[in-house]
Amino acid sequence: MNPLIRVEGLKKLFPVRKGLLSMIFSRKTEYVHAVDGVNFSISKGEIFGLAGESGCGKTTTGRLLLRLVEPTEGSVYFEGEDIFSLSGRELLKKRREMQMIFQDPYKSLDPKKTVKDIINEPLSIHKVGKNRREKMEIIYEMLEAVKLTPPEDYLFKYPHELSGG
């Protein structure tokens, strides 16, 4: 059975910013190795967690998996397809099937948007739902799926008004 996600030799290096004197006297660019040679695969239905110390590259790895940043080196295959070879339109379509949950959910949610607006945003981006009524049905289904019931009690709440538990 082919893995759902396969990561091979994934690397991301970021150039280190230097002071003015270092830039003048040093010609060599130094890099931070945020992700350095990561390999793993995830099968369909498998629950996968990436754990490590603060600053070890977990978030950067996730951002690379979704191609929110480009790699320095390596490959990420989603359903056998190299995501780094996809066009913008193909990537947008593929992202409909991908999701990453970042460490701090409160930083993942726009504090100025209501729950309804937050859930509606990806529906609009990916053109899910033919009209407002259909989108509202989907929003209600999503809230019920995560046990935020009754949904109408949560539609106009802001992220800080939700429990973290």
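Under my numbering, residues 1 to 165 are what the sequence shown spells out, in order.
Positions of the beta carbon are idealized from the N, C-alpha and C atoms, including for glycine.
Residue i classed as buried or exposed, judged by whether at least 16 other C-beta atoms fall within 10 angstroms
| i | result |
| --- | --- |
| Gly88 | exposed |
| Lys157 | exposed |
| Gly57 | buried |
| Ile47 | exposed |
| Ala145 | exposed |
| Leu92 | exposed |
| Pro71 | buried |
| Asn131 | exposed |
Residue range of the alpha helix (DSSP H) that includes residue i
| i | result |
| --- | --- |
| Val115 | Val115 to Ile125 |
| Glu90 | Gly88 to Arg95 |
Run of the beta strand (DSSP E) containing residue i, from where it starts to where it stops
| i | result |
| --- | --- |
| Lys12 | Ile5 to Pro15 |
| Glu144 | That residue, Glu144, is in no beta strand (DSSP E); its alpha helix (DSSP H) goes Arg132 to Ala145. |
Pick from the options that is closest to residue i, judged by C-alpha positions
| i | options | result |
| --- | --- | --- |
| Pro159 | Val69, Phe78, Ser108 and Pro150 | Ser108 |
| Leu65 | Thr149, Arg133 and Gln99 | Gln99 |
CB of residue i within 8 Å of CB of residue j, strictly
| i | j | result |
| --- | --- | --- |
| Ile101 | Lys94 | no |
| Lys11 | Gly52 | no |
| Leu50 | Thr61 | yes |
| Thr114 | Leu155 | yes |
Touching by the beta-carbon criterion (3+ pairs, under 8 Å), the region 3-11 and the region 28-42:
yes
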